[in-house]
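Each position in the sequence shown, counted from 1, maps to that position plus 28 in the numbering used here.
Glycine included, C-beta positions come from ideal geometry on N, C-alpha and C.
Predicted, not measured: the structure shown is a model, and the values here were computed from it.
What follows is a short report on a single structure.
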Amino acid sequence: MIKCGWAGRSLLSLSVICFAWTASIAEEQLTSVKLETGSLSALFHDNTQSPGLLSGVQSLFHTAAPTFDAYDPDQRGASAGLNFEHIISGQSDPDNKFTPRKGIYTLHQIDERTVELRRQADDSPWRMESTMRYQLVPPHYIDFEFRCVPHQIEKYGDHEYAILFWANYMHEVEEVALNFLGIAGPDEPETWQRGEAPKTHPDYLGGGTYRHRDAEPLAYNEDHNFKLNVWSYDYPRYTKPFYFGRAQHNMAFMLMFDRSYSEEDEIRFSLFKFKVTEQNKRPAWDYQYVIHKVEAGKQYGYQGRLVWKPFVSNDDCLQEYEIWQQSLSKTTTSSRSR
């Protein structure tokens, strides 16, 4: 089998790169598909009915809690997992809000465990071509990989960055907070932190964002029309690129990433509480991928893993992250040796 490689390649050539691989498994384009592997069952959707029915992971179940959907199941448009929601610049622009949820975003089944969402540059107001691949991995993982190529840079303005935002609209949780390893303040030691998204910033609206220890806040124009997803807390800051939250039925939801902060890009964690009330605890456990200086024709992206399994302990969550990081290192080493 010929594997489809990403590194250093333009998405314009993906059809050529992947042809031998996809042709051998009779790739299909679908509006939705249900995949089952190990302990997980996941339903994926395209953008056909969005924003009424959102693309990405529409539902997620584990055999340990077979009737409990990880994502909010109660109304159309309220359920979303690993859903590409926004592309945001540092200046006011009507396209800062919800553009990935509008227009064509096709769903392709690659094999019995893998699907991919694809968007052409002509279908994006930002002229950004992108793919998001999801693969179920036993016993309780969804590995995901995002790649994009911007084709014009004018809309990003003087600040030059792009915030790409993904949503996870959770079902009932035990605790609203995000849990991550980080620092509580300057020169503080690494310890477990609870990101509870308090109302402490002048641009606060329903939640907030946590950045890496080495990252600076993003500058943005005073007249920006979507500030809630741009500003970030000074502290706590994370030190390792993963977080977990605790859902009902003793379930744990984890997200982990192959990068944290660099000169080129960064990952940021977001928590929003628009659906957190005295009666219901249904937070949005989200994340952002930030490209610091968008260049036309250059490929960007990241890899991640979602974990949905019974909660054991904080240390068990850390071990999940460390095991995955080791597997990434082995894959990279193996690729370089060929």
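Considered as a whole, the region 245-330 harbours no complete run of any alpha helix (DSSP H) with no fewer than 4 residues. Looking at the backbone, the Cα of arginine 155 and that of isoleucine 181 are separated by about 9 Å. For the region 187-256, there is no continuous alpha helix (DSSP H) assignment of 4+ residues that stays within its boundaries. When rounded, the separation of the alpha-carbon atoms in leucine 233 and glycine 118 is 17 Å.
The Cβ atoms of valine 201 and alanine 275 lie closer than 7 Å to each other.
Between glutamate 323 and glutamate 203, the alpha-carbon positions lie close to 40 Å from each other.
Around the beta carbon of glutamine 316, 16 or more other beta carbons sit within 10 angstroms, so the residue counts as buried. Residue burial is scored here from C-beta neighbours: aspartate 150 has fewer than 16 other C-beta atoms within 10 angstroms and is therefore classed as exposed. In the structure shown, tyrosine 133 adopts coil according to DSSP, grouped into three states.
In the DSSP assignment, lysine 125 falls outside any beta strand (DSSP E) and carries neither an H nor an E.
Check the Cα spacing between tyrosine 266 and each of Gln77, Phe208, Ala106: the tightest is with Phe208. In the structure shown, serine 78 falls within a coil segment according to DSSP collapsed to helix, strand and coil. Here the region 290-310 makes no contact with the region 135-152; the two share fewer than three CB pairs at distances below 8 Å. Two segments are said to touch when three or more pairs of C-beta atoms, one from each, lie closer than 8 Å; by this definition the region 299-319 does not touch the region 339-357.
Rounded to whole angstroms, the gap between the alpha carbons of tyrosine 248 and tyrosine 328 is 22 Å.
Per the C-alpha coordinates, the member of Asp102, Glu244, Asp97, Tyr349 positioned closest to glutamate 291 is Glu244. Closest by C-alpha distance to isoleucine 211, out of Phe281, Tyr197, Arg239, is Arg239.
Distance from the CA of serine 120 to the CA of glycine 66, rounded to the nearest whole angstrom, comes to 45 Å.
Sequence-distant partners of glutamate 113 (beyond 5 residues in either direction) whose C-beta falls short of 7 Å from its own C-beta, in its chain, are Phe126, Pro128, Arg129, Phe193, Trp194, Ala195. The shortest C-alpha to C-alpha distance from glutamine 354 to any of Lys326, Gln307, His320, Phe285 is the one to Phe285.
Its chain contains Asp151 as the residues whose beta carbon lies nearer than 6 Å to that of glycine 131, once the 5 sequence neighbours on both sides are disregarded; these appear in chain order.
Judged by DSSP secondary structure, lysine 183 falls outside any beta strand (DSSP E); it is assigned neither H nor E.
Around the beta carbon of glutamate 348, a 10 Å sphere encloses 16 or more other beta carbons of the protein chains shown; the residue is thus reported as buried. When the five nearest sequence neighbours on each side are left out, the beta carbons in the same chain lying within less than 8 Å of the beta carbon of histidine 229 are those of Gly236, Trp259, Tyr261, in order along the chain.
Cβ neighbours of glutamate 224 within its own chain (closer than 6 Å, five residues either side excluded): Ala205. Contact holds between the region 159-179 and the region 58-73, because three or more Cβ pairs, one in each stretch, are under 8 Å apart. DSSP places serine 357 in the helix class (H, G or I) of the three-state scheme.
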